[in-house]
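S.K.:
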Amino acid sequence: SVAKGHQCHLYDATDPRFTTPYAWEYCHSMEVGQTYEVHWPHSAAGACGTPNQYQTPFYDGVFCKDGILTDTASQIGVQAQVYVVINDDSYFWPDLIRGMVVDGEMGSDIAMYTGSTTGS
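For what it's worth, this note's numbering labels the leading residue of the sequence shown as 664, then goes sequentially.
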């Protein structure tokens, strides 16, 4: 079982956008109303802009070039965004695989830190 992390305070049990189930086509075991964090890892040794950028596991696309990394703190990074999934088409975003959402207020409140990409 997966331990639940911090939950966003936006959930509203009286609002059907947070409680109406959604028929997921690709994302299994996700639930409307739950908080999810999405990561986009990058590095100077990555294959950015190529199909290999999105290989699984991700390090194949992020660390695919040998002899490039000399300063991991400045050459490796992870963008992340936290989402509360709601059942409302007006919040639909068509393609998260291409990177974090930067549109209006989304992607404008950014925190930077040095540490683990997994929080451990």
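Just so you know, even glycine gets a beta-carbon here, dropped at the ideal spot from N, CA and C. Everything numeric in this text was worked out from a predicted model, so none of it was measured.
Measuring CA to CA, which of GLY668, ALA676 and ARG680 is closest to TYR699?
M.R.: The residue with the shortest Cα to Cα distance from TYR699 is GLY668.
S.K.: Measure the C-alpha to C-alpha separation of THR733 and ILE749 and round it to an integer number of angstroms.
M.R.: Approximately 42 Å, taken between the alpha carbons.
S.K.: Report the start-end ranges of each alpha helix (DSSP H) in the segment 727 to 776 that is 4 residues or longer and not cut off at the edges.
M.R.: Runs of the alpha helix (DSSP H) inside the segment 727 to 776: 735 to 738.
S.K.: DSSP three-state call for VAL725: helix, strand or coil?
M.R.: Three-state DSSP puts VAL725 in a helix.
S.K.: Would you report the Cα separation of PHE767 and ILE731, rounded to the nearest angstrom?
M.R.: One point to set straight first is that residue 767 is Gly, not Phe, in the sequence displayed. So the two alpha carbons sit approximately 35 Å from each other.
S.K.: Considering only the beta carbon of each residue, do PHE726 and ALA708 sit closer than 8 Å?
M.R.: Yes, these two residues count as a Cβ contact at 8 Å.
S.K.: Checking 8 Å against the spacing of the C-beta atoms, do PRO704 and VAL764 come in under that value?
M.R.: For PRO704 and VAL764, no; Cβs fall outside 8 Å.
S.K.: How many Å lie between ASP751 and ASP729 at the Cα?
M.R.: When rounded, the distance between both Cα atoms is 44 Å.
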